[in-house]
Structures are given as structure tokens and as C-alpha cells.
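In this note's numbering, the protein residues as written are 4 to 66.
The beta-carbon is built from N, C-alpha and C at its ideal position, and this holds for glycine as well.
Report on the following structure.
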């Protein structure tokens, strides 16, 4: 079972470059069914900092 397009549910997905910001580099994908581009959903879509730093900060806060 592979990745699915979040817009149309299609499974014909190809890599389509990378998205960069100050701290994070994310792989972009393109759906060949609806031709839309997206990043893989991991729950940290709109965060500026890397997932590892956010999780470590929350872990330290919980101690």
C-alpha cells in the first residue's frame, strides 16, 4: 500500500522536486490523476521547525 493523493485519492504518485524553508526540506509529490502537488502528510504540515525539534521540545517540557 503506497501513498495516496490527499485531493483525489489517486495512487499514481511521482516525486516533483523539494520544498524548502529556513529549517526544513520536504519532498514534493505530484498526482498524475489530478496533476496537483502536495507534501506527504505527517501531522506537522504548517510547522516552521523540523518535526524532531518539536518532539524533543515537547518531551523536555513534559519532564
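Proximity below 9 angstroms, CB of residue i to CB of residue j
i, j, result
"residue 34", "residue 52", "no"
"residue 41", "residue 31", "yes"
"residue 1", "residue 6", "In the structure as shown, the chain starts at 4 and stops at 66, and residue 1 therefore has no counterpart that could be examined."
Cβ neighbour criterion (16 or more within 10 Å) applied to residue i
i, result
"residue 37", "exposed"
Cβ shell of residue i (< 7 angstroms), same chain only, five flanking positions each side left out
i, result
"residue 54", "45, 47"
"residue 28", "21"
"residue 26", "51, 52, 53"
"residue 14", "5, 7"
Counterpart residues of residue i in DSSP-defined beta bridges
i, result
"residue 41", "32"
"residue 3", "Residue 3 cannot be examined here, being either before or after the span of the chain that is shown, 4 to 66."
"residue 16", "34"
Same chain, Cβ closer than 6 angstroms to residue i, five either side skipped, listed in chain order
i, result
"residue 8", "34"
"residue 23", "none"
Own chain residues within Cβ distance below 8 angstroms of residue i, not counting five before or after
i, result
"residue 16", "5, 6, 7, 8, 32, 33, 34, 35"
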